[in-house]
Amino acid sequence: MGMRKKFFLLAMVFVLSFQPINSTFAAEISNGVDSGNHEQRIMAVLYQQYAAEHRALYYQAYNMVNMAADKALKEAKPGDKPLAIILDLDETVIDNNRMLAEWVASGKEINELKPSNDTLENAPAMPGAVELLQRLANKGIEPFYVTNRYESTMLKNTMNNLKKLKFPMLDEKHLFLATNTQDKQARFDKIAKNYNVILYMGDCAGDWGIGTFGKNAKDRQALIDAHKKDFGTKIIVLPNAVYGDWESALAPGYSKMSIKEKAALRRELILKK
């Protein structure tokens, strides 16, 4: 068989084998199912479950917290406000991979997921998280847990989970859940009135007190640039490959878009960079 004929046959095999996959994907998109996005979510959860690098990032972040805390303790003067840190819960000190796996398996949007009481009350801590906060509390640095879990439906489960894990200083003074807004700034300001907040910890920009709530992607990046000297000292960033405010900031009304519309937008945006 001649070389040209071999090449032609191989090309035809490739085209014929690719076409059904492409057609299936197009059909799924038109029916409101984004199989590509679903696979991305699976890979993201697997990364958080199994990647050694993901685990290492937590140890690195917590080491930075310890260094910043030791520095603040040395610089503290009599009469100063008591020292505090502000931290998020989910993907910051609480490992939600079981809940995230349930979400991915359900095929729903994350805001549609209703985790079971068992899932909420038995989530493990991130490696080193409990030891870190116990150490800080023993040195006189108070942890304030500021989460966007809703107080009306998740307070009891959240408190039970944290107590089982033996996180320190668990009371109404130190645990702030969301009531009528996902913007954490008012809760941050309330804490800062009586405490010297030495650092913020979290996996989303809204956890860091720099004003990103409601901002678009471009403005969020500008705020990050404006605070570049604070990362690693006053702001400690934790990894989250699965979800975050960055996605809803991709376009106005993104969260209300259909799966088909979101898929089209993502493919459009990725070619603009």
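In UniProt numbering, the protein residues as written are 1 to 273. Glycine included, C-beta positions come from ideal geometry on N, C-alpha and C.
Residue i burial status per 10 Å Cβ neighbour count (16 or more: buried)
| i | result |
| --- | --- |
| Tyr59 | exposed |
| Asn194 | exposed |
| Phe231 | exposed |
| Thr92 | buried |
| Ile270 | exposed |
| Thr233 | exposed |
| Tyr50 | exposed |
| Ser30 | Since pLDDT at Ser30 reaches only 40, below the 50 mark, its modelled position is unreliable, and the value read off the structure follows with that caveat. Ser30 comes out exposed. |
| Asp118 | exposed |
| Lys272 | exposed |
| Lys184 | buried |
| Pro143 | buried |
| Ala186 | exposed |
6 Å CB neighbourhood of residue i in its chain, flanking five on each side removed
| i | result |
| --- | --- |
| Ala44 | Ala241 and Val242 |
| Ala222 | none |
| Gln182 | Asn148 |
| Lys164 | none |
| Asp245 | Cys204 and Gly206 |
| Tyr254 | Ser248 |
DSSP state of residue i mapped onto helix, strand, coil
| i | result |
| --- | --- |
| Phe188 | helix |
| Val65 | helix |
| Asp70 | helix |
| Asp183 | coil |
| Leu46 | helix |
| Glu91 | coil |
| Asn96 | coil |
| Arg240 | According to the sequence shown, residue 240 is Asn rather than Arg. Residue state, collapsed to three classes: coil. |
| Tyr150 | strand |
| Asn138 | helix |
| Leu132 | helix |
| Lys262 | helix |
| Tyr254 | helix |
| residue 304 | No answer is possible for residue 304: it lies beyond the span of the chain, which begins at 1 and ends at 273. |
| Ala125 | strand |
| Met201 | strand |
| Asn196 | strand |
Residues of its chain near residue i, where Cβ-Cβ distance is below 7 Å and the 5 sequence neighbours each way are ignored
| i | result |
| --- | --- |
| Asp95 | Ala123, Pro124, Ala125 and Met126 |
| Ser106 | Leu113 |
| Asn180 | none |
Length of the line joining the Cα atoms of residue i and residue j
| i | j | result |
| --- | --- | --- |
| Trp103 | Asn196 | 38 Å |
| Tyr200 | Ala192 | 12 Å |
| Met257 | Asn63 | 40 Å |
| Asp207 | Leu175 | 14 Å |
| Met67 | Lys77 | 18 Å |
| Glu109 | Lys262 | 12 Å |
| Gln48 | Gly79 | 43 Å |
| Pro82 | Gly209 | 19 Å |
| Val65 | Glu121 | 26 Å |
| Asp90 | Ala264 | 29 Å |
| Glu53 | Gly140 | 31 Å |
| Ser248 | His227 | 22 Å |
| Asn160 | Arg98 | 17 Å |
| Asp189 | Leu57 | 28 Å |
| Gly211 | Ile198 | 17 Å |
| residue 275 | Ala69 | The shown model of the chain, from 1 to 273, leaves out residue 275, and the question about it has no answer. |
| Phe213 | Asp219 | 10 Å |
| Ala217 | Ile86 | 24 Å |
Own chain partners of residue i with C-beta closer than 8 Å, once the 5 adjacent residues on each side are dropped
| i | result |
| --- | --- |
| Ala61 | Met201, Ile236, Val237 and Leu238 |
| Leu177 | Thr147, Asn148, Arg149, Tyr150, Glu151, Met154, Leu155 and Thr158 |
> At a cut of 8 Å, does the stretch 128-135 reach the stretch 73-82 through at least three beta carbon pairs?
Replying inline: no
> So, do the stretch 132-143 and the stretch 159-170 have three or more beta carbon pairs nearer to each other than 8 Å?
Replying inline: yes
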